[in-house]
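For reference, the structure discussed in these notes is given below.
There are 2 protein chains.
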Amino acid sequence: MQELTYTEENYIKSIYTIQDRSGTGEASVNEIAERMQTRPATVTDMFKKLSEKSLIHYEKYKKVRLTEAGTKIALNILRKHRLWETFLCDKLNFSWDEVHEVAEQLEHIRSQKLIDKMDEFLGFPEYDPHGDPIPKHDGAMPASKSIPLSEMPENVPCIFVAVNDTSTAFLQQLKRFNLEIGAELTITERMPYDRSVWVTNKKGDSLQLSEKIAGNIYVV
Amino acid sequence: MQELTYTEENYIKSIYTIQDRSGTGEASVNEIAERMQTRPATVTDMFKKLSEKSLIHYEKYKKVRLTEAGTKIALNILRKHRLWETFLCDKLNFSWDEVHEVAEQLEHIRSQKLIDKMDEFLGFPEYDPHGDPIPKHDGAMPASKSIPLSEMPENVPCIFVAVNDTSTAFLQQLKRFNLEIGAELTITERMPYDRSVWVTNKKGDSLQLSEKIAGNIYVV
DNA sequence: GGGCTTAATTTGTCCAACCATATCATTATA
DNA sequence: TATAATGATATGGTTGGACAAATTAAGCCC
Ligand SMILES: [Mn+2]
Ligand SMILES: [Mn+2]
Ligand SMILES: [Mn+2]
Ligand SMILES: [Mn+2]
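Quick mapping for you: the protein sequence lines, in order, are chains Y and H.
First residue of the first sequence? That's 2 in this note's numbering, and the numbers climb one at a time after it.
First residue of the second sequence? That's 2 in this note's numbering, and the numbers climb one at a time after it.
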């Protein structure tokens, strides 16, 4: 078990996320630079370091992929991140759009006992406040099988279960639309020009969502 | 409000602790190096940096003292440290000797809201699991719960913080025993016949103190 | 006051994480 | 297939935090 810096942990988590949502299961230098708010040169340096530690598969000028060991680490950080978010919402009454930034720090706290006790304290939750599945201790991940709202056909009701963007800006926007996890939504009309969608909720309220927003709302 | 690194925060906390338990209210390069497990050269560098940021009063070859601003920061970290320790014990059933290491990490989490909510969640506690007072939000510190050394249980380390007798005779006696404010003491054995106690200090020296002497040494 | 001891500082190095700029590879397109 | 655009890497530099070794100041003892 290696000692990783907070920075290395953040890179590994970013690689996990990027490779998870790109069809190919890989991540590029530029994608990581964008996500980490840093420069490509820095990412190349880090790729070499992580490769040296056998946490990613890396070949010059090619995209990277987490190794088995790297994936295990990513899942462990994700587990901590999501358990902390759950704690902040359930026990300290944070609202779901405030937790991410703090969890971004808390996820790096090193104590196996702490995270086990926290899991127990929270009643072994399966999903975090954003609807994302919390990896188990062994890395097992509850199914999420959700798709972007933007890919739903018209007139088929679905349930808002997760967000794909945890930025405060996005979550504030949802708040403005009064959209929360658990809401039952139906696309009534899709505008061909900009791919925005008209959506109604259970109460019959109707609202128009841009493609960007609908693409970051995950439903089942 | 400046952004400090974790390292700077740890140095400030160390300076606070050392100056608090040394009679003069000052801390030396060597004392800090010892406490931070680092070298004097490193400490000198850090003193220059903290001085540059107006967090300590520093003059070459002299001992240092926290400024008003530095003290405020120290108290805030101490507050977070002790609230987290309380959380770990009260809510997650850690035992009091397991919490310090984790709190050493948690004390650096930056979120005003988190620490306020945590304080409330714990019922605004005044003392941490070690009996140390938790600074209030404004830096006010509840009176330290010092007790006579004679009332300490065996094998629990404590710190000599005050005397209850200022007579020359008593102080001479302490001098003879090489006992000074700030010393870390542990009662290793209590003699039932005359209630005298065997005490060891950090260096491992062992000495026997009468009930009268132990009763006038206050510790936390 | 001169010498000795201890404490503190200076100097030069190192490593992690950054960046700007220049160069090199890959790819897409003409 | 040649060329341009894009993506990745190499080079050299900065900053924070650490160290060892050499040097300098302070405190002490006679
Ligand atoms: Mn999050
Ligand atoms: Mn993070
Ligand atoms: Mn502690
Ligand atoms: Mn700490």
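Cβ atoms here follow ideal geometry from the backbone N, Cα and C, with glycine treated the same way.
Residue range of the alpha helix (DSSP H) that residue i falls in?
i: L107 (chain Y); result: 100-107
i: F223 (chain H); result: Residue coverage of chain H in this structure runs from 2 to 221, which leaves residue 223 (chain H) outside it and unanswerable.
i: F178 (chain Y); result: 169-178
Less than 6 Å separating the Cβ of residue i from some heavy atom of ligand 1?
i: H101 (chain Y); result: yes
i: T201 (chain Y); result: no
i: T167 (chain Y); result: yes
Along the beta strand (DSSP E) that carries residue i, what are the first and last residues, could you check?
i: I110 (chain Y); result: I110 (chain Y) -> no beta strand (DSSP E), and no H or E assigned at all.
i: A163 (chain Y); result: 159-164
i: L186 (chain H); result: 185-191
i: I78 (chain H); result: Per DSSP, I78 (chain H) belongs to no beta strand (DSSP E); it is in the alpha helix (DSSP H), 69-91.
i: I218 (chain H); result: 218-220
i: L208 (chain Y); result: 207-210
i: T201 (chain Y); result: 198-202
Quick one: residues in its chain with C-beta nearer than 8 Å to the C-beta of residue i, no 5 flanking neighbours on either side, listed in chain order?
i: K50 (chain H); result: E9
i: D195 (chain H); result: S211, E212
i: N156 (chain H); result: T187, I188, T189
i: R22 (chain Y); result: N165
i: A173 (chain Y); result: With the sequence shown as reference, residue 173 (chain Y) is identified as Gln, and Ala is not the correct amino acid for it. Same-chain partners within the cutoff: D98.
i: L84 (chain H); result: I116, M119, D120, L123, P126, D129, I135
i: P154 (chain H); result: I188
i: A34 (chain H); result: R40, P41, T43, V44
Is it the case that the Cβ atoms of residue i and residue j are separated by a distance below 7 Å?
i: E190 (chain H); j: S151 (chain H); result: no
i: E27 (chain H); j: K81 (chain H); result: no
i: E127 (chain Y); j: I160 (chain Y); result: no
i: N217 (chain Y); j: N165 (chain Y); result: yes
i: Y219 (chain Y); j: S147 (chain Y); result: yes
i: P130 (chain Y); j: W97 (chain Y); result: yes
i: G71 (chain Y); j: L93 (chain Y); result: no
i: S162 (chain H); j: V221 (chain H); result: Inspection of the sequence shows that residue 162 (chain H) is occupied by Val rather than by Ser. Result yes, Cβ atoms of V162 (chain H) and V221 (chain H) sit closer than 7 Å.
i: V198 (chain H); j: L208 (chain H); result: no
i: P136 (chain H); j: L79 (chain H); result: yes
i: A75 (chain Y); j: I13 (chain Y); result: yes
i: Y59 (chain Y); j: S52 (chain Y); result: yes
i: G132 (chain Y); j: I214 (chain Y); result: no
i: I110 (chain Y); j: Q106 (chain H); result: yes
i: R40 (chain Y); j: S15 (chain Y); result: no
i: T45 (chain H); j: V30 (chain H); result: yes
How about residue i: is its Cβ closer than 6 Å to a heavy atom in ligand 3?
i: A75 (chain H); result: no
Taking 6 Å as the cut-off, does the CB of residue i come closer than this to any heavy atom belonging to ligand 2?
i: E105 (chain Y); result: yes
i: E86 (chain Y); result: no
i: N11 (chain Y); result: yes
i: E155 (chain H); result: no
Excluding the 5 residues flanking residue i on each side, which residues of the same chain have their C-beta closer than 7 Å to its C-beta?
i: Q1 (chain H); result: Limits of chain H in this structure are 2 at one end and 221 at the other, which puts residue 1 (chain H) out of reach.
i: K73 (chain H); result: G140
i: N230 (chain Y); result: For residue 230 (chain Y) there is no data in the structure shown, the boundaries of chain Y being 2 and 221.
i: K54 (chain Y); result: Q3
Tell me whether residue i, by its Cβ, gets closer than 6 Å to a heavy atom of ligand 4.
i: N217 (chain H); result: no
i: E108 (chain H); result: yes
When every heavy atom of ligand 6 is checked, does at least one fall within less than 6 Å of the C-beta of residue i?
i: E32 (chain H); result: Looking for ligand 6 in the displayed structure turns up nothing; the ligands present are ligand 1, ligand 2, ligand 3 and ligand 4.
Excluding sequence positions up to five away, which residues of its chain have a Cβ less than 6 Å from the Cβ of residue i?
i: E108 (chain Y); result: I78, K81, H82
i: Y7 (chain Y); result: H109
i: P143 (chain H); result: E127, P134
i: E86 (chain Y); result: V100, A104, D129, P130
i: M47 (chain H); result: Y12
Original post:
In chain order, which continuous runs of the alpha helix (DSSP H) of length 4 or greater are located wholly inside the segment 3-40 of chain Y?
Top reply: 7-22, 30-37
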